[in-house]
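J.: Dropping the structure in here first, questions after.
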Amino acid sequence: MTLRLHNTMTRSAEPFAPLAPPHVSVYTCGPTVYNYAHIGNFRTFLFEDMLRRWLEASGYRVFHVMNLTDVDDKTINGALKAEVSLAEHTARFIAAFHEDREYLRILPAHVYPRATEYVAPMIAMVESLLEKGVAYKGDDGSVYFAIAKFPGYGKLSRLDTRELQAGAGGRTSADEYDKADARDFVLWKAARAEDEQVGAAWDAPFGRGRPGWHLECSAMALDLIGKELDAEVLDIHAGGIDLVFPHHEDEIAQSCAHTGRDEFARVWMHGEFLTMSGTKMSKRFGNILTARDLREEGVDAGTVRLLFATTHYRAPLDFTDQALDAAREGSRRLGAFGARLAAAGAGGSSPSLDAVAAELDTAFTEAMNDDLNAPRALAALFDAVREGNRLLDAGESPGPSLQAVWSRTTDVLQVLPLASGPRVVTMADARDGLEESGGDSDWAVAWAGRRLAAKHARDWPEADRIRDLLTTAGWEVRDRKDGSAEVVRAAG
Ligand code: AMP
Ligand code: ZN
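Read in the working numbering, the sequence shown has 53 at position 44, and its numbers run on one by one without any break.
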């Protein structure tokens with residue numbers, strides 16, 4: 010089965026066919042660096058990371074570009090408020106973005122173009138659009154794109170032609186506006202005193218000013234894929250669902266009018282929103298949680314990634330504490346199985362465990378090839394854990410196949426905890442049934458609890474027997490001064 014990806018342009022899942030395989034160019038709209046990115050933004054970046062990892066796992070050579078929007082309405086306002094230069098203001102948030110990205114185990118893009126470093130190609134693009142007669146200079150000194158001159162306008166967002174007519178004739182200089190307000194949009198904004206104050210103005214043949222947000226992505230994307238792949242069309246362009254209109258619609262208009270090609274990207278992919286209590290997570294609504302909030306609360310990235318993987322990227326996801334707790338437990342369970350598998354080694358041979366590996370391989374691959382169906386891919390991992398634990402409990406000794414498939418699949422999703430630290434055990438953990446509730450560290454905790462109970466009853470042979478049992482299964486038990494104990498995966 011080949012990879013199918015949902016294309017917003019056609020509203021259907023299509024077989025993926027890049028222009029020049031094995032190369033795949035991927036452009037993802039990056040953060041506007043005027044503040045800390047929230048985990049809604051990161052839901053989109055994590056979906057894109059999953060896309061990138063799956064493409065690479067499938068043998069493609071990805072060239073991934075993610076821009077940093079470091080000049081637009083928001084960043085300029087932010088710099089004015091903070092009374093610093095634009096560059097100073099955005100530098101802080103660029104550094105923060107990379108810290109958060111690393112925390113969340115998002116692979117770095119190959120290039121992170123900053124809009125302010127690509128003003129020259131932006132100016133060249135505006136000149137080309139003026140020459141072609143699809144752009145004009147307004148009486149306010151700004152340059153606008155004439156949407157009536159571009160026949161394909163509205164194709165991506167399926168803008169009703171009636172709406173278009175209602176809007177035609179007017180223009181907007183705002184970076185963000187909605188569908189009901191479809192008008193000529195700004196390519197280049199004439200410099201104001203505030204722009205000069207923060208260092209956000211550049212000379213251009215059509216007047217001093219600064220680029221509009223939509224223009225930035227078109228110019229950076231075309232410049233970079235031109236240099237790297239000698240291409241004028243992207244294989245994949247991705248972002249959050251709110252970027253369909255106007256951002257991506259405007260990108261298409263500018264880019265296609267400039268290159269003369271009928272498409273700017275072969276596949277347009279959009280991730281749904283992360284919501285909180287049903288409302289889109291947004292700085293505007295004040296309902297945000299940042300990646301650093303989670304990190305400070307000690308939430309492992311594997312937990313966050315697992316939480317997001319439980320919902321398909323094209324379905325909305327509501328963030329709740331309960332969902333986070335469930336994800337933490339799921340991640341721990343997967344991590345415990347991974348550790349158990351590592352401890353079991355790969356020197357044995359078990360047709361049953363080989364069958365588990367083959368099943369995981371097939372189910373995971375089919376799920377991911379089906380428009381990145383992470384919830385199904387995750388279910389395949391949990392199936393493997395259940396069956397794998399059962400067989401390991403029965404004394405089966407794995408060969409190399411399960412370990413190999415396990416690494417390959419968990420590498421793509423990155424949902425395992427970073428490190429499975431020691432778990433503290435008390436006699437209360439001796440209860441029956443605990444090991445059924447989760448992964449094998451639950452099993453170890455239950456037995457370590459029984460060992461404490463045996464010690465308490467001065468049943469030394471039983472305590473020793475349980476220690477041996479745990480050691481054989483790859484667990485180390487350490488007694489603590491307060492009468493409790495710790496179980497931890499034995500090193501190696
Ligand atoms: P921005 O920094 O506002 O340009 O947004 C960066 C990315 O985050 C874009 O792809 C947006 O579509 C995406 N985004 C913004 N809010 C959310 C949200 N609540 N859930 C998912 N993605 C979002
Ligand atoms: Zn963009």
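Beta carbons: idealized from backbone N, C-alpha and C, even for Gly. These numbers come from a predicted model, not from an experiment.
Is Glu260 a contact residue of ligand 2, with contact defined as CB to any heavy atom under 7 Å?
T.: As a working mapping, residue 260 is identified with position 251 in the sequence shown. Indeed, a heavy atom of ligand 2 lies less than 7 Å from the Cβ.
J.: What separation, rounded to the nearest whole angstrom, lies between the Cα atoms of Thr312 and Leu113?
T.: In the sequence shown, residue 312 corresponds to position 303, counting from 1. In the sequence shown, residue 113 corresponds to position 104, counting from 1. In a straight line, the C-alpha of Thr312 is about 10 Å away from that of Leu113.
J.: Based on the DSSP output, what are the partners of Pro24 in its beta bridges?
T.: If you number the sequence shown from 1, residue 24 lands on position 15. Arg13.
J.: Taking 7 Å as the cut-off, is the C-beta of Gly507 nearer than that to any heavy atom in ligand 2?
T.: Shown here, the chain extends from 10 to 501; a query on residue 507 therefore has no answer.
J.: Assuming contact is defined by CB atoms lying nearer than 8 Å, are Val414 and Ala494 in contact in what I supplied?
T.: Here residue 414 refers to the residue found at position 405 of the sequence shown. Here residue 494 refers to the residue found at position 485 of the sequence shown. No, they are not a contact pair.
J.: May I ask which residues mark the beginning and end of the beta strand (DSSP E) holding Ser34?
T.: For this step, residue 34 is matched to residue 25 along the sequence shown. Per DSSP, Ser34 belongs to the beta strand (DSSP E) from 32-37.
J.: Taking 7 Å as the cut-off, is the CB of Pro122 close to at least one heavy atom of ligand 1?
T.: In the sequence shown, residue 122 corresponds to position 113, counting from 1. No, the beta carbon of Pro122 sits no closer than 7 Å to any heavy atom of ligand 1.
J.: Measuring only the C-alpha atoms, how far is Arg219 from Ala133?
T.: As a first step, residue 219 must be located in the sequence shown, where it is residue number 210. As a first step, residue 133 must be located in the sequence shown, where it is residue number 124. The straight-line gap from Cα to Cα measures roughly 13 Å.
J.: So who's on the other strand from Tyr153, going by DSSP bridges?
T.: Taking the sequence shown and counting its residues from 1, one reaches residue 153 at position 144. In DSSP, Tyr153 forms a bridge with Tyr145, Val195.
J.: Measure from the alpha carbon of Trp484 to the alpha carbon of each residue in Val394, Leu350, Ile156, then state which is nearest.
T.: Reading the sequence shown from its first residue, position 475 is the one you call residue 484. If we check each option's Cα against that of Trp484, Leu350 comes out closest.
J.: Cutting at 8 Å between CB atoms, please list the residues of its own chain near Thr418, excluding the five before and the five after it.
T.: Reading the sequence shown from its first residue, position 409 is the one you call residue 418. Cβ within range, chain order: Leu369, Asp370, Phe373, Ala386, Ala389, Leu390.
J.: For the pair the segment 73-81 and the segment 308-328, tell me if three or more CB-CB distances fall below 8 Å.
T.: In short, these stretches do not touch, since the Cβ pair count stays below three.
J.: Go ahead and pull the three-state DSSP assignment for Glu185.
T.: Walking along the sequence shown from the start, residue 185 turns up at place 176. Note: Glu185 maps to coil in three-state DSSP.
J.: Would you check if there are 3 or more beta carbon pairs closer than 8 Å linking the segment 245-258 to the segment 208-226?
T.: With the cut-off at 8 Å, the segment 245-258 and the segment 208-226 touch.
J.: When the distance is taken between beta carbons, is Gly249 closer than 8 Å to Gly287?
T.: Taking the sequence shown and counting its residues from 1, one reaches residue 287 at position 278. Taking the sequence shown and counting its residues from 1, one reaches residue 249 at position 240. Not a contact, by the Cβ cut-off of 8 Å.
J.: For the segment 439-493, list the beta strand (DSSP E) runs that are entirely contained and at least 3 residues long, ordered along the chain.
T.: Whole beta strand (DSSP E) segments, 3+ residues: 484-488.
J.: Between which two residues does the alpha helix (DSSP H) carrying Gly218 extend?
T.: The sequence position of residue 218 within the sequence shown is 209, counting from 1. From DSSP, Gly218 is part of no alpha helix (DSSP H) but of the beta strand (DSSP E) over 218-220.
J.: What residue range does the beta strand (DSSP E) around Met278 cover?
T.: Within the sequence shown, the letter at position 269 stands for residue 278. Where Met278 is concerned, the enclosing beta strand (DSSP E) stretches over 274-280.
J.: With 16 other CB atoms within 10 Å as the buried threshold, where does Glu445 fall?
T.: Position 436 of the sequence shown, counting from 1, holds the residue named residue 445. Residue placement at Glu445 is poorly supported in this model, since its pLDDT is 48, which falls under 50; the coordinates still yield a value, given next. By the neighbour-count rule (16 or more Cβ atoms within 10 Å), Glu445 is not buried but exposed.
J.: Who are the near neighbours of Asp232 in its chain, counting only those whose CB is closer than 7 Å to its CB and skipping five residues on each side?
T.: Translated into the one-based positions of the sequence shown, residue 232 becomes position 223. Correct list, in chain order: Tyr127, Pro130.
J.: Once you ignore the five residues that flank Pro31 on each side, which residues in its own chain have a CB closer than 8 Å to its CB?
T.: Residue 31 sits at position 22 when you count from the first residue of the sequence shown. Result list for Pro31: Gly68, Tyr69, Arg70, in chain order.
J.: Which runs of the beta strand (DSSP E) fall wholly inside the segment 223-279 and span at least 3 residues, in chain order?
T.: Segments of the beta strand (DSSP E) lying fully in the segment 223-279: 243-249.
J.: Taking the straight line between their C-alpha atoms, what separation do you get for Ala191 and Arg399?
T.: Translated into positions along the sequence shown, residue 191 becomes position 182. Translated into positions along the sequence shown, residue 399 becomes position 390. Each residue's Cα considered, the two are about 59 Å apart.
J.: Does the segment 233-241 come into contact with the segment 163-170, if we say contact requires no fewer than three beta-carbon pairs (one atom in each stretch) closer than 8 Å?
T.: Cβ pair count under 8 Å is below three, so no.
J.: Hey, Leu243 and Tyr43 are a contact pair by Cβ (cut 8 Å); roughly how many whole angstroms apart?
T.: Working through the sequence shown from its first residue, we reach residue 243 at position 234. Working through the sequence shown from its first residue, we reach residue 43 at position 34. Between Tyr43 and Leu243 the Cβ distance is about 26 Å, and since that is not below 8 Å, they are no contact.
J.: Among Thr41, Leu315, Asp488, Ala482, whose alpha-carbon lies nearest the alpha-carbon of Ala462?
T.: The residue labelled residue 462 in the question sits at position 453 within the sequence shown. Of the listed residues, the one whose Cα sits closest to Ala462 is Asp488.
J.: Can you list, in chain order, the residues of its chain with a C-beta nearer than 7 Å to that of Asn50? Leave out the 5 residues immediately preceding and following it.
T.: Along the sequence shown, read from residue 1 onward, the residue named residue 50 stands at position 41. Counting only Cβ-Cβ distances below 7 Å, and skipping sequence neighbours, we find Pro40.
J.: Can you give the Cα-Cα distance for Leu422 and Leu315, rounded to whole angstroms?
T.: Looking up residue 422 in the sequence shown gives position 413. Looking up residue 315 in the sequence shown gives position 306. Their Cα atoms are separated by approximately 8 Å.
J.: Go ahead and pull the three-state DSSP assignment for Asp58.
T.: For the purposes of this step, residue 58 is identified with residue 49 of the sequence shown, where counting begins at 1. Correct three-state label for Asp58: helix.
J.: Does DSSP classify Ala300 as helix, strand or coil?
T.: The residue given as residue 300 occupies position 291 in the sequence shown. Correct three-state label for Ala300: helix.
J.: I'd like to confirm something about His256: is its beta-carbon nearer than 7 Å to some heavy atom of ligand 2, or not?
T.: Residue mapping note: residue 256 aligns to position 247 of the sequence shown, counting from 1. Checking every heavy atom of ligand 2 against the Cβ of His256, one is found closer than 7 Å.
J.: Once the 5 residues before and after Trp505 are set aside, which same chain residues still bring their CB inside 7 Å of it?
T.: Any question about residue 505 goes unanswered here, given that the chain covers just 10 to 501.
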